[in-house]
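Protein chains in written order, with full-length UniProt numbering: chain A, 1 to 381; chain B, 1 to 160. Idealized CB from N, CA, C, for every residue including glycine. Written below as structure tokens is the structure these notes are about.
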Amino acid sequence: MFEEVDDASRREKCFTTVAQLPAFIDPKQIPGKRPPFSTIQNHAFVHSAEVILPKELYLQIKPSLETKLEKPRYARVFMAPLALLEHDFFNTYIKSGNILMISEGRSGSDNVFTLQDGVLRIELGKEIYERTGLTGKPFRSGGRKHANERFLVELNLRLPSMLHGKKGFERIIWAFTNVLTQSMAWLFHDLEGNLGPDDGNKPINKVQPQLITCESQEIDHGQIIIPPLYENGVLEKMSEGDLQEYCGALSEWIAMVQMASPRVSGEDDVDPYLSRYAVPDADEIQAPAASDLMSLKWHGLISSRWIMQLFLNLLQSTKASNLSWFALSVAALGKEAVEGRDGFMVMVLPEQSQVNREGTTGPGGRMTLCWELMGASVTEP
Amino acid sequence: MTDTHGDMEIEANIPLTEAAKRKAPEPKPKTLHFTSRNPPWTYLKLKIIPQPGNAPQPLDPLSARTYLSSALSQFLGLTGTAIPIDILKIENGSPSTTKYDVVWIRVPREDASAVVSAVSSWIGGGNNSAGSADVAWRVCAKGNFLGALIAGSGADLFVP
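What follows is the structure in structure tokens.
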């Protein structure tokens, strides 16, 4: 009606991929260049993950999921950036180990630190950036044209030159001693070792960490109307417009289940004055009108590696049942101010019948839909 | 200003003609990619802010709709009330802990900025038909893809 789309809205995007998974996936050789695997790997810092699946299926796979999947563990610490470069911490976790760290703060307005694969990224406002004496590059902040610029400093701490006593390294120490001195809250995850209470002598324990184990939370969604989940053949025959519409409506439905909206319940009788939301293609469903779903939720600092394990485990354990589908929804932490990644959703459809229309045996891989989202504006949790 | 329609990109590598020519070998797994920039809806998470000294009733769908209509008609007149709004969910925090009332709505994407302006500039008076106390709206989240908004920003993890 009004056709005045604001700037933030224009930058929002959703990359959708419809793909057939290989019939067999070797966990040691993940096809990491293709979605959904590449999508999972591209989201290093995750704060929430949720799996939605039929309740009946969940009850079947629950035991195997619980034994095969370790709980994500992380620590919350309060420290100044200089503590990263302290000998023990630096050598154990950055030079020889592998950790994920992320500081509090909002991209676009605060000083934000992330550490991944030995690379420390620091996002700073112009004034403080100039005072640090570090070299960085301009960084989009989403501010108005004449608002202060922001800068991104990237330091690969695993370079051979990054050693105590070397000139470049001493410059970082100077900046952390004289300018970026403020203590802040960080989340810490050790990709190599478990963060158990028994390892009392690890360097992280010197900064009084709060060790957290992520427990999963089960949520029942009773009597949910499920849209038709089309087979490969049907999806291929759809026109481009129909396919986009179907994929869009399906991702919306997954989100509606996640938020536990009464609009997806079979018992909803809302007045059309209040809502005209309808489950996509609900009139085409011939199976039972509504069925029980289950969601499993994790909230904490979660690595992409753990998400991959979760995904592979789900693929493996839901294989046997031929009516099984699941959706995985993941929200990224430390989103950048402009066109930042919000997260992604993956939906794996039931195994296809082995015999396709021509009567030949198909490859038997399952269809997946993958949505990568970026650019939304979330100001409050 | 700029054309907001029709810049969906389609990139598909399906061997369409090949399948007709020969049956075997089976074509490789097919992959379709596309980018959506202009989906039909914008989603908003709105929180109701009671004015100091007032303790309004917990929010229900009908009063949420009434507040929204009031904001839209104040800002845009009759045109405003014609904007279709779908109420997706009402969340009420328990009164014992932190009390909050949130409504998730969906509006046509083209109308979203008008809705945001209308709700941000509105303060409901005590004189409207729902008998509301003085309240205002705050926009907590806005996006064209609902999946990006549900889990929030994760900022709560940093708070001990």
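How about residue i and residue j: are their beta carbons less than 9 Å apart?
i, j, result
"residue 301(A)", "residue 102(A)", "yes"
"residue 153(A)", "residue 181(A)", "no"
"residue 105(A)", "residue 113(A)", "yes"
"residue 116(B)", "residue 64(B)", "no"
"residue 326(A)", "residue 53(A)", "yes"
"residue 382(A)", "residue 50(A)", "The shown model of chain A, from 1 to 381, leaves out residue 382(A), and the question about it has no answer."
"residue 292(A)", "residue 224(A)", "yes"
"residue 154(B)", "residue 47(A)", "yes"
"residue 419(A)", "residue 369(A)", "Residue 419(A) lies beyond the stretch modelled for chain A, which goes from 1 to 381, so this question has no answer here."
"residue 64(A)", "residue 107(A)", "no"
"residue 251(A)", "residue 263(A)", "no"
"residue 187(A)", "residue 77(A)", "yes"
"residue 257(A)", "residue 303(A)", "no"
"residue 41(A)", "residue 160(B)", "no"
"residue 59(B)", "residue 92(B)", "yes"
"residue 279(A)", "residue 219(A)", "no"
"residue 338(A)", "residue 365(A)", "no"
"residue 175(A)", "residue 134(A)", "yes"
Could you tell me which of the options sits nearest to residue i, measuring between CA atoms?
i, options, result
"residue 144(B)", "102(B), 50(B), 117(B) and 107(B)", "107(B)"
"residue 282(A)", "274(A), 265(A) and 271(A)", "265(A)"
"residue 114(B)", "103(B), 71(B), 48(B) and 30(B)", "71(B)"
"residue 40(B)", "96(A), 268(A) and 245(A)", "245(A)"
"residue 23(A)", "372(A), 315(A) and 334(A)", "315(A)"
"residue 318(A)", "277(A), 77(A) and 351(A)", "351(A)"
"residue 87(B)", "34(B), 159(B), 160(B) and 66(B)", "66(B)"
"residue 35(B)", "13(A), 35(A), 26(A) and 33(A)", "13(A)"
"residue 10(A)", "33(B), 30(B), 42(B) and 31(B)", "42(B)"
"residue 277(A)", "105(B), 123(B) and 44(B)", "105(B)"
"residue 121(B)", "109(B), 80(B) and 137(B)", "137(B)"
"residue 8(A)", "91(B), 141(B), 151(B) and 160(B)", "141(B)"
"residue 17(A)", "169(A), 379(A) and 36(A)", "36(A)"
"residue 163(A)", "184(A), 86(A), 190(A) and 250(A)", "86(A)"
"residue 89(B)", "80(B), 159(B) and 61(B)", "61(B)"
Quick check: the Cα distance between residue i and residue j, rounded to an integer number of angstroms?
i, j, result
"residue 253(A)", "residue 228(A)", "11 Å"
"residue 111(A)", "residue 123(A)", "6 Å"
"residue 129(B)", "residue 149(A)", "Per-residue confidence for residue 129(B) stands at a pLDDT of 46, beneath the threshold of 50, marking its modelled position as unreliable; the derived number appears in the next sentence. Rounded to whole angstroms, residue 129(B) to residue 149(A) spans 48 Å at the Cα level."
"residue 299(A)", "residue 259(A)", "15 Å"
"residue 173(A)", "residue 93(A)", "17 Å"
"residue 357(A)", "residue 237(A)", "In this prediction, residue 357(A) scores a pLDDT of 46, lower than 50, which makes its location untrustworthy; no coordinate-derived value is stated."
"residue 77(B)", "residue 83(B)", "11 Å"
"residue 382(A)", "residue 377(A)", "Outside the displayed span of chain A (1 to 381) sits residue 382(A), for which this structure offers no information."
"residue 80(A)", "residue 44(A)", "23 Å"
"residue 88(A)", "residue 203(A)", "6 Å"
"residue 362(A)", "residue 116(A)", "Any answer about residue 362(A) is weak, because its pLDDT of 49 lies below 50 and its placement is not dependable; what the coordinates show is given next. So the alpha carbons of these two residues sit roughly 41 Å apart."
"residue 290(A)", "residue 217(A)", "23 Å"
"residue 158(A)", "residue 98(A)", "10 Å"
"residue 31(B)", "residue 121(A)", "34 Å"
"residue 135(B)", "residue 379(A)", "20 Å"
"residue 67(A)", "residue 96(A)", "30 Å"
"residue 155(A)", "residue 127(A)", "19 Å"
"residue 72(A)", "residue 118(B)", "43 Å"
"residue 151(A)", "residue 231(A)", "47 Å"
"residue 62(A)", "residue 161(A)", "49 Å"
"residue 49(B)", "residue 69(A)", "42 Å"
"residue 60(A)", "residue 313(A)", "13 Å"
"residue 6(A)", "residue 110(B)", "9 Å"
"residue 123(B)", "residue 101(B)", "16 Å"
"residue 184(A)", "residue 271(A)", "49 Å"
"residue 20(A)", "residue 330(A)", "20 Å"
At a CB-CB cut-off below 9 Å, which residues of chain A make contact with residue i?
i, result
"residue 104(B)", "259 and 261"
Taking Cβ-Cβ distances shorter than 8 Å, what residues in chain B pair up with residue i?
i, result
"residue 108(A)", "Residues of chain B passing the Cβ test: none, with the nearest at roughly 12 Å."
"residue 13(A)", "35, 36 and 37"
"residue 329(A)", "147, 150 and 151"
Name, please, each residue of chain A whose Cβ falls closer than 8 Å to the Cβ of residue i.
i, result
"residue 42(B)", "9"
"residue 58(B)", "Those do not exist, as residue 58(B) stays about 15 Å from chain A at its closest Cβ, beyond 8 Å."
Who are the neighbours of residue i on chain B, taking C-beta pairs under 7 Å?
i, result
"residue 6(A)", "113"
"residue 171(A)", "Within 7 Å Cβ-Cβ: nothing; residue 171(A) doesn't reach chain B, min ~28 Å."
"residue 342(A)", "148"
"residue 131(A)", "The contacting residues do not exist; residue 131(A) stays about 25 Å from chain B at best."
"residue 248(A)", "36 and 39"
In chain B, what lies closer than 9 Å to residue i by C-beta?
i, result
"residue 47(A)", "151, 152, 153, 154, 155, 156 and 157"
List, in chain order, every chain A residue whose beta-carbon is nearer than 7 Å to that of residue i.
i, result
"residue 160(B)", "76 and 210"
Original post:
In the segment 139–150 of chain B, which residues sit with their C-beta less than 9 Å from some C-beta in chain A, listed in chain order?
Top reply: 139, 140, 141, 142, 143, 144, 145, 146, 147, 148, 149 and 150
**OP:** Give, in chain order, every residue of the segment 65–91 of chain B whose Cβ lies closer than 9 Å to some Cβ of chain A.
**Re:** Listed by position along the chain: 65, 76, 79, 82, 83, 84, 85, 86, 87, 88, 89, 90 and 91.
**OP:** Give, in chain order, every residue of the segment 368–381 of chain A whose Cβ lies closer than 8 Å to some Cβ of chain B.
**Re:** Per Cβ criterion, the list reads 371, 373, 374, 375, 376, 377, 378, 379, 380 and 381.
**OP:** Closer than 9 Å, Cβ to Cβ, to anything on chain B: give me those residues from the segment 66–92 of chain A, in chain order.
**Re:** 74, 76 and 78
Original post:
Going along the chain, which residues of the segment 293–326 of chain A sit with their C-beta nearer than 8 Å to a C-beta in chain B?
Top reply: 299, 300 and 301
Subject >> Contacting positions in the segment 14–31 of chain A - beta carbon closer than 8 Å to chain B >> reply: Here the close residues are 14, 15, 16, 17, 18, 19, 20, 21 and 22.
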